Amino acid sequence: MQDLGRFGYQRYGIPVAGAMDSYAAKVANILAGNAENSACLEMTLTGPTLKAINPCNIAITGADFAPTVNGERIDMWTARPVKKGDMLSFSSAQDGCRGYLTISGGIEVPSVLGSRSTYVRGGFGGYRGRTLRNGDILRGILSEPRTRIRYVPREYIPSYTSHANIRVVLGPQDDFFTENGIKTYLNSRYEVTPDSDRMGYRLSGPAIEHSKEPEIVSDGVAVGAIQVPGDRMPIVLMKDAQTTGGYPKIAHVVSPDLDRVAQLRPGDSLRFGRIEIHEAHELVSQLVKQLDHLKEHIKERGLAPEFPDDETLMRFQGAIR
Amino acid sequence: MYAEPRFLLAGDSALVAEFGDKVSPDINMKVRKLFLYLEKFPPKGIKETVPTYRSLMIHYNSLELSLETLRSELEKAIVESANMSLLGSRRITVPVKYGGDYGPDIEDVAAHNEITPEDVIRIHSSMDYLVYMIGFTPGFPYLGELPRSIACPRLTTPRVKVPAGSIGIAGTLTGIYSLESPGGWRLIGRTPLKLFDERSDPPSLLQAGDYVRFLRIAETDYENILKEIQVGKYQPEIQHFEKQ
Chain C
1 MQDLGRFGYQ RYGIPVAGAM DSYAAKVANI LAGNAENSAC LEMTLTGPTL
51 KAINPCNIAI TGADFAPTVN GERIDMWTAR PVKKGDMLSF SSAQDGCRGY
101 LTISGGIEVP SVLGSRSTYV RGGFGGYRGR TLRNGDILRG ILSEPRTRIR
151 YVPREYIPSY TSHANIRVVL GPQDDFFTEN GIKTYLNSRY EVTPDSDRMG
201 YRLSGPAIEH SKEPEIVSDG VAVGAIQVPG DRMPIVLMKD AQTTGGYPKI
251 AHVVSPDLDR VAQLRPGDSL RFGRIEIHEA HELVSQLVKQ LDHLKEHIKE
301 RGLAPEFPDD ETLMRFQGAI R
Chain Y
1 MYAEPRFLLA GDSALVAEFG DKVSPDINMK VRKLFLYLEK FPPKGIKETV
51 PTYRSLMIHY NSLELSLETL RSELEKAIVE SANMSLLGSR RITVPVKYGG
101 DYGPDIEDVA AHNEITPEDV IRIHSSMDYL VYMIGFTPGF PYLGELPRSI
151 ACPRLTTPRV KVPAGSIGIA GTLTGIYSLE SPGGWRLIGR TPLKLFDERS
201 DPPSLLQAGD YVRFLRIAET DYENILKEIQ VGKYQPEIQH FEKQ
């Protein structure tokens, strides 16, 4: 269970947590008519099967988990009503790594230190401080069932590929690396190893050369930091990362691109490209504008699939070709 | 300590104000003063700040606060905060059962320094330690400086599970494991106190800038305090004092 994270407590050693792909989580909430920071169920690589105990409106975004309602395939990046007794089933991720499910009105879990995000290592937040298991019941706030499907125009749906170009801002310890080390870092392809999770993505590829001992007097760690310990392999620190650390950090992923890192899975690859801080800030503000724009361009269509509108017709044609 | 603080980028949402590259109470004092100043007079757009040994990390929202403005706000705050007195410092007494199952590495620490375990306890519990920062796990305090006479390197192979409350030594630092976790510090004792409780706000017993004094207790005291904590009856001993 994840909202957008727990802020104000990093000074006490508490990681931010929150949705790994915050864009997909925000869009799920926008589709559901919720506040952007409402709690979502985050699925990683495989999804659950859920039974609707009461009618509700669901929204699903993120990687394609081939969802079905009572066996009928439904689209990701849509919101729709489900009836009492409907079975909502997710398969494994067909592309990307993480998917988001939310309910109109929000999923009700207690707020701990200002957030509904689960921090599994600390055993608190979200649903009893843990990941979900068979038999758990998610409570929502009852809302009027909709009669139409809401969906996101194509241009707002990211495509999740097995290789991503990720933009970074150098620092704070880029002076711990040789010129060659930085060149290697910026000009090589790195692979996501299986030893990657909500805390960090461990990468493998060409070794990054340090110019001095790869140890610093511990300082603060921001989400998106790329630290390079003694084995000279980069680690991208993700939402559950520790708040302080003693390894030099060569760069930081710009926040809009961190969502794309979160959709990479073991075996996928990435390449880092350097940008300047003012360009990164420009990207941050563009993303906010994009979401504002999206809110005004959510589309609707009828429930009956036998009368496809232009959008589904176009996809069908694409599939034949 | 640097003649001038360095401002370092940590991505598009955080900036580091760094005062030095060593573990030292003087450097940490500068961090603490800036931290307290920003708590008192927070510029709009700062989301939170995280004090560490030698720098303050400032998390900010670039849509509300430009980097240029943030830098000049910080420069001003550093000058203004230099003369602040650190009113209301806290000294927290942390009861510890040393040795035995509670501190399985105390013999090693003693042997490493060619003293007795009794000496280790006496020295460890004879002084105030500064909480330089909280990190590693929620509520974990990094305390210093440990007298050289009981310093000891980390274990070569970290333990998979260290019980919550364990007091450890790593070089010239000492710390308290706030949650059960893996760890490589040499364990010399354990406190029944709960260092972290997500149901409290603040959730951490200690915060950066506090002082800690360890108090040696017997096994029966350990058990009694633990019981009192479980029923919510125990109040840790906290003294307030003025530190210049």
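Order-wise, the sequence lines are chains C and Y. Numbering follows this note's numbering, with no gaps: position 234 of the first sequence is 234. Numbering follows this note's numbering, with no gaps: position 72 of the second sequence is 72. Glycine included, each C-beta is placed from N, C-alpha and C at the ideal position. Values in this document were obtained by computation on a predicted structure and should not be read as measured data.
By alpha-carbon distance to Y/Leu226, the top candidate from Y/Lys97, Y/Leu206, Y/Pro147 is Y/Lys97. Taking 7 angstroms as the cut-off, the Cβ atoms of C/Gly246 and C/Ser218 count as close. Apart from sequence neighbours up to five positions away, the residues of its chain that approach C/Pro266 with a beta-carbon distance below 7 angstroms are Val192, Thr193, Pro194, Ser196, ordered along the chain. Using a CB distance cut-off of 7 angstroms, Y/Thr93 does not count as an interface residue toward chain C. Within 10 angstroms of the beta-carbon of Y/Glu4 lie fewer than 16 other beta-carbons, which makes it exposed. Note on geometry: alpha-carbon atoms of Y/Pro203 and C/Ala35 lie some 26 angstroms from one another. Boundaries of the beta strand (DSSP E) harbouring C/Ser89: 87-89, taken from the DSSP string.
C/Tyr9 carries a coil assignment under DSSP once its states are collapsed to helix, strand and coil. Only those residues of the stretch 113-128 of chain C whose C-beta falls short of 7 angstroms from the nearest C-beta of chain Y are listed: Leu113, Gly122, Phe124.
By the criterion of at least three beta-carbon pairs nearer than 8 angstroms, the stretch 196-214 of chain Y is in contact with the stretch 88-95 of chain Y. Scanning the stretch 117-144 of chain Y from its first residue to its last, the whole beta strand (DSSP E) runs of 3-plus residues come out as 128-134, 141-144. Within the stretch 86-153 of chain C, the runs of beta strand (DSSP E) at least 3 residues long that lie entirely inside it are, in chain order, 87-89, 98-103, 149-151. The beta carbons of C/Gly5 and C/Ser115 sit about 6 angstroms from each other, so the pair counts as a contact at 8 angstroms. Across the structure, C/Leu291 and C/Leu283 are spaced so that their CA atoms are roughly 12 angstroms apart. Taking a beta-carbon distance threshold of 7 angstroms, C/Thr244 counts as an interface residue toward chain Y.
The stretch 26-44 of chain Y makes no contact with the stretch 242-262 of chain C, as fewer than three CB pairs between them are under 8 angstroms.
In the three-state scheme derived from DSSP, where H, G and I count as helix and E and B as strand, Y/Arg32 is classed as helix. Where C/Ile275 is concerned, there is no enclosing alpha helix (DSSP H), because DSSP gives it neither an H nor an E. With fewer than 16 other Cβ atoms inside 10 Å of its own Cβ, C/His163 counts as exposed. Going by DSSP, Y/Glu228 is part of the alpha helix (DSSP H) stretching over 219-230.
At a cut-off of 7 angstroms between beta-carbon atoms, Y/Val231 makes no contact with chain C.
Residue-level contact check: C/Ile275 does not touch chain Y, since none of the beta carbons of chain Y fall below 7 angstroms from its beta carbon. DSSP, reduced to helix, strand and coil, places C/Thr184 within a helical segment of the structure shown. Looking at the DSSP output, C/Gln227 bridges to C/Ile235, C/Lys249. In the structure shown, Y/Leu86 falls within a strand segment according to DSSP collapsed to helix, strand and coil.
Just so you know, the alpha carbons of Y/Thr52 and C/Ala222 end up roughly 13 angstroms apart. Judged by beta-carbon spacing, C/Asp95 lies beyond the 7 angstroms limit of C/Val69, meaning their Cβ atoms are not closer than that value. Setting aside the 5 residues that flank it on each side, C/Gly106 is surrounded in the same chain by Asn34, Ser38, Ala39, Gly140, Ile141, each with a C-beta closer than 7 angstroms to its C-beta; the list follows chain order. Under the criterion of beta carbons closer than 8 angstroms, Y/Gly175 and Y/Tyr142 qualify as touching, at roughly 6 angstroms. Counting other Cβ atoms within 10 Å of its Cβ, C/Lys26 reaches 16 or more and is therefore classed as buried. Per the C-alpha coordinates, the member of Y/Ala10, Y/Pro117, Y/Thr172 positioned closest to Y/Glu145 is Y/Thr172. The three-state reading of DSSP puts C/Ile53 in coil, since its state is none of H, G, I, E or B. In terms of Cα proximity to Y/Arg216, the closest of Y/Asp210, Y/Glu75, Y/Ile123, Y/Ser72 is Y/Ile123. For Y/Leu67, the neighbours in chain C by C-beta distance under 9 angstroms run, in chain order, Ile277, His278, His281. Contacts between Y/Ile238 and chain C, judged by CB atoms closer than 8 angstroms, are missing: the closest CB pair is about 17 angstroms apart.
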